[in-house]
Amino acid sequence: MKTEYVVPFVEAAISVLKDMCMITDIKRGQLNAKNDAVVTRGVAPLIGVTGQISGRVVYDMDTRTALKLASIMNGETFSEWNEFVESTIEEFANIVTGQALTGLNNKGIKVDLTPPVLFTGQNMKIANTKMMTLIVPLELSIGRIEINVSLQENK
Amino acid sequence: MEVIPKVKKPDGGPYKFLVVDDSQFMRKQIERIIIQIGCEVSCEAENGKDAIEKYKANKPDVVTMDITMPEMNGVEALRQIMAIDKNAIVIMMTAVGHDTIVKQSILLGAKHFIVKPFKPTEAARTIVSVLKKLGGQDA
Numbered sequence: 537m538k539t540e541y542v543v544p545f546v547e548a549a550i551s552v553l554k555d556m557c558m559i560t561d562i563k564r565g566q567l568n569a570k571n572d573a574v575v576t577r578g579v580a581p582l583i584g585v586t587g588q589i590s591g592r593v594v595y596d597m598d599t600r601t602a603l604k605l606a607s608i609m610n611g612e613t614f615s616e617w618n619e620f621v622e623s624t625i626e627e628f629a630n631i632v633t634g635q636a637l638t639g640l641n642n643k644g645i646k647v648d649l650t651p652p653v654l655f656t657g658q659n660m661k662i663a664n665t666k667m668m669t670l671i672v673p674l675e676l677s678i679g680r681i682e683i684n685v686s687l688q689e690n691k
Numbered sequence: 047m048e049v050i051p052k053v054k055k056p057d058g059g060p061y062k063f064l065v066v067d068d069s070q071f072m073r074k075q076i077e078r079i080i081i082q083i084g085c086e087v088s089c090e091a092e093n094g095k096d097a098i099e100k101y102k103a104n105k106p107d108v109v110t111m112d113i114t115m116p117e118m119n120g121v122e123a124l125r126q127i128m129a130i131d132k133n134a135i136v137i138m139m140t141a142v143g144h145d146t147i148v149k150q151s152i153l154l155g156a157k158h159f160i161v162k163p164f165k166p167t168e169a170a171r172t173i174v175s176v177l178k179k180l181g182g183q184d185a
């Protein structure tokens, strides 16, 4: 997998966090590559990518971060997990991925996204046995979001 | 504080909207905007197939349409709604905003295309502007 594939998703996440959530203090951590399963942090919205490049993107975070993110996005405080928080986190993933893929499409790379799926739970593993996973952590005032990208070019 | 414009139908009544999005969060955001501009939400749908059924049953004045949805996407739903009613007012509101899909939607009959994330006041102004071009009046 090309390391450049992770860039649009990181840039889109930073842009959405700044513009939609007014979160400006964002520290981008070091890129990490994994060939084996990734253990998620508790809340993992996943979006499939199809087309000239395919695979999946996960925006991995813990429950506390997800609740804070949902609270900011809605302008009200959520202290407990519920269906509406789930919907908000799914939509965050959808918007970030949509923005990333819009950029790729406008460069001539035809790609599309699937509706989001949200995985929640402790010590879940996401495994891509045939593709490498690239992970970029973003440290925010509300917690950490790991952008977890596993994509391949289709010839 | 930003003033949000309001709009009403040429006959003076409120525009009734069908809000189509698979995200409960996004439907709520869009509904807030619709109410702020002086309009009403008559029904909601979670996917394109449901959108067509709700359109036929409720005959809303305006539709806001997401694109990426399960069962049937928004572009196909747009196509089918325009086949039912060539004067339908459909405004796409979606995270996928590349040139190809914008052109495809406009060619199919969508009146405008709003890309997420959007600032609520800007989206409100855009929707009001679209409706006023189609005969809506200041409310």
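Each protein sequence line maps, in turn, to chains A and B. The opening residue of the first sequence carries number 537 in the working numbering; numbering runs sequentially from there. The opening residue of the second sequence carries number 47 in the working numbering; numbering runs sequentially from there. Even for Gly, the Cβ is constructed at its ideal location relative to N, Cα and C.
Annotation note: the segment 608-690 of chain A contains the following uninterrupted beta strand (DSSP E) runs of length 3 or greater, listed N- to C-terminal: 647-649, 653-656, 669-676 and 679-689. The Cβ of residue 556(A) sits closer than 7 Å to at least one Cβ of chain B. Only residues of its own chain outside the window of five on either side were considered, and among them 628, 631, 632 and 635 have a CB closer than 8 Å to the CB of residue 552(A), listed in chain order. For residue 124(B), the closest C-alpha among the options 174(B), 79(B), 65(B) and 163(B) is that of 65(B). Counting only Cβ-Cβ distances below 7 Å, residue 151(B) has no contacts in chain A at all, with the closest Cβ about 14 Å away. By the rule that beta-carbons nearer than 7 Å mark a contact, residue 623(A) touches chain B. Judged by DSSP secondary structure, residue 595(A) falls within the beta strand (DSSP E) whose first and last residues are 589-596.
Nearest to residue 146(B) by C-alpha distance, out of 617(A), 660(A) and 648(A), is 648(A). Using a Cβ-Cβ cut-off of 7 Å, residue 673(A) does not count as an interface residue toward chain B, since no Cβ of chain B sits closer than that to its own.
Under the three-state reduction of DSSP output, residue 88(B) falls in the strand class. It is roughly 32 Å from the alpha-carbon of residue 68(B) to the alpha-carbon of residue 538(A). Among the residues facing chain B, residue 642(A) is included, as its CB has a counterpart in that chain under 7 Å away. Counting every other CB atom within 10 Å of its CB across the protein chains shown gives residue 88(B) a total of 16 or more, marking it as buried. With 16 or more other Cβ atoms from the protein chains shown falling within 10 Å of its own Cβ, residue 100(B) counts as buried. In the DSSP assignment, no residue is bridged to residue 146(B).
According to DSSP, residue pairing for residue 568(A) in a beta bridge involves 671(A). For residue 159(B), the enclosing beta strand (DSSP E) starts and ends at 158-161. With a cutoff of 7 Å on beta-carbon distance, residue 678(A) and residue 545(A) are scored as not near each other. Under DSSP, the beta-bridge partners assigned to residue 65(B) are 90(B) and 110(B). Here the segment 658-675 of chain A does not lie against the segment 163-173 of chain B, with fewer than 3 beta-carbon pairs under 8 Å apart.
Sixteen is the threshold: since fewer than 16 other Cβ atoms of the shown chains lie within 10 Å of the Cβ of residue 569(A), the residue is exposed. Of 109(B), 130(B) and 57(B), the smallest CA-CA separation from residue 77(B) is found for 109(B).
Boundaries of the beta strand (DSSP E) around residue 140(B): 135-140.
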